[in-house]
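Residues 136 to 273 (the numbering used here) make up the sequence shown, in order. Glycine included, every Cβ here is placed at the ideal spot set by N, Cα and C.
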Amino acid sequence: MAVKNGSLIVLQLATKKIVGETNNSMSFTRDMIETTNKHSANFAKTYIPGEKGATLSAGGLFDPTDTTNWGFDDAFAAWNAGTLIAFIMGGTAKGDPTYSGSAYISSLSKDNPQNDRSTFTVELQVTGEITEGVVPQT
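Here you go:
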């Protein structure tokens, strides 16, 4: 079995890397429409698939001096303005699978513990379709 190292799967927002990215995740959902009726066999519930959606989350290090990558200040500005953000999540090697689309920030938090690094977490709600792709060969 070929297992992918999670450190090699990254989330880019607005074509930028997340400052000090420490984790990321993508969750896919699909509504289930119940079709159970009085004639359903043995009173068993039945369903058909409905609309689908997805959410993303990522954590990074708070570094206000890093203006090259996508950091807390970028996230706050996008959250505050309700900006639609293009994203790509996937591997970094040529041919690795990727998922891309657009999302809005639904949640943003900053953690500032004593005697430890300051971090931030951003959660995004995908809007529209997600496109599967691969990291280009060039």
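Asked                                                                                                        : Found
Supposed close pair Thr256, Ser192 - CB separation, criterion 8 angstroms                                    : 7 angstroms
Separation of Asn172 from Gly155, as counted between CA atoms                                                : 52 angstroms
Spatial distance of Leu259 from Thr170 (CA atoms)                                                            : 31 angstroms
First and last residue of the uninterrupted alpha helix (DSSP H) at Ala216                                   : Phe207 to Ala216
Neighbourhood of Phe207 by C-beta, 7 angstroms cutoff - its chain only, sequence neighbours within 5 removed : Phe197, Lys245 and Phe255
Coarse secondary structure for Ala193, derived from DSSP in three states                                     : strand
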